[in-house]
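In full-length UniProt numbering, the protein residues as written are 1 to 191.
First comes the structure, then the notes that go with it.
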Amino acid sequence: MKTYTLADVIELVDKYDGDIVSFGIAENAVDDLVIEKAERALGLQFTSSYKAFLKHYKGGDIAGYEIYSLYKEGGEDIPFDDIVLQNLNYYRKNGFVTPEQLAVSRTDFGETFYFDYTQFRDGECPIYVMLPSEDCEYYASNFYEFLCKRIKESAGEEIPEGDQPIEKTEKAPIPQPIPFYKSFWKKLWKR
Numbered sequence: 001m002k003t004y005t006l007a008d009v010i011e012l013v014d015k016y017d018g019d020i021v022s023f024g025i026a027e028n029a030v031d032d033l034v035i036e037k038a039e040r041a042l043g044l045q046f047t048s049s050y051k052a053f054l055k056h057y058k059g060g061d062i063a064g065y066e067i068y069s070l071y072k073e074g075g076e077d078i079p080f081d082d083i084v085l086q087n088l089n090y091y092r093k094n095g096f097v098t099p100e101q102l103a104v105s106r107t108d109f110g111e112t113f114y115f116d117y118t119q120f121r122d123g124e125c126p127i128y129v130m131l132p133s134e135d136c137e138y139y140a141s142n143f144y145e146f147l148c149k150r151i152k153e154s155a156g157e158e159i160p161e162g163d164q165p166i167e168k169t170e171k172a173p174i175p176q177p178i179p180f181y182k183s184f185w186k187k188l189w190k191r
């Protein structure tokens with residue numbers, strides 16, 4: 001079983017830069033104050049691997065799918081891929097994630113990748129993917145593994161089975177129902 005590191009991410013980014021991967025550069029990355037402000041707003045501590053990504057690349061995309069990042073300036077001009085904006089104003093507001101989940105990317109196929117903070121330990125937590133069917137599956141043990149798998153999948157590389165440094169959780173967290181449907185069914189059954 002391989003334990004992915006920032007060095008593995010850097011190697012793949014260098015290999016596929018401009019072709020599949022389009023990440024920022026360290027000179028444009030955010031500092032600790034911006035990270036701490038975002039953590040307070042979300043009520044969650046970012047994982048060590050996600051913080052390292054923010055400090056090294058800031059953000060970007062893999063095969064055109066945004067990896068949510070942070071921006072120094074707030075206000076109305078915040079790009080749509082800001083992790084705080086996406087999670088507070090879209091995912092949590094609409095009931096797509098719980099306060100213990102942090103969405104980090106979404107594909108055009110309806111797959112949403114998120115950190116599961118109910119399993120946060122030693123500065124890391126696993127990433128799950130919520131499929132369009134709303135079923136959730138374990139995806140990666142940390143953010144480095146997530147990035148490496150996404151890059152390899154986009155490049156058509158084979159990902160070895162059993163490549164997780166921590167044991168897979170047998171039962172994925174249950175996604176929360178969308179609030180509209182919950183109130184709709186309550187109204188319907190009261191009649």
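Ideal Cβ placement from N, Cα and C applies to all residues, glycine included.
Being a predicted model, the structure only gives us computed values, none of them experimental.
Counted within 10 angstroms of its Cβ, other Cβ atoms place residue i as buried (16 or more) or exposed
i: residue 33; result: exposed
i: residue 40; result: exposed
i: residue 124; result: buried
i: residue 7; result: exposed
i: residue 93; result: exposed
i: residue 47; result: buried
i: residue 64; result: exposed
i: residue 192; result: Lying outside 1 to 191, the shown extent of the chain, residue 192 is not represented and no answer is given.
i: residue 26; result: exposed
i: residue 121; result: exposed
i: residue 89; result: exposed
i: residue 11; result: exposed
i: residue 82; result: buried
i: residue 58; result: buried
i: residue 135; result: exposed
i: residue 75; result: At residue 75 the pLDDT is 48, less than 50, meaning the model places this residue with poor confidence; the figure from the coordinates comes in the next sentence. Exposed, since its Cβ has fewer than 16 Cβ neighbours within 10 Å.
i: residue 116; result: buried
Candidates the options: closest to residue i by CA position
i: residue 56; options: 29, 109 and 139; result: 29
i: residue 108; options: 20, 98, 156 and 132; result: 132
i: residue 84; options: 71, 23 and 100; result: 71
i: residue 118; options: 127, 111 and 112; result: 127
i: residue 91; options: 61, 130 and 62; result: 130
i: residue 105; options: 50, 157 and 11; result: 50
i: residue 62; options: 14, 87 and 44; result: 14
i: residue 22; options: 2, 95 and 67; result: 67
i: residue 69; options: 98, 103 and 43; result: 103
i: residue 154; options: 2, 101 and 16; result: 16
i: residue 156; options: 5, 3, 4 and 19; result: 19
Start-to-end residues for the alpha helix (DSSP H) that takes in residue i
i: residue 16; result: 6-16
Review point. Going along the chain, which unbroken runs of the beta strand (DSSP E) with 3 or more residues stay wholly within the UniProt domain "Knr4/Smi1-like" (29-149)?
Key: Qualifying beta strand (DSSP E) stretches, in chain order: 60-62, 65-67, 101-106, 112-116, 127-130 and 136-140.
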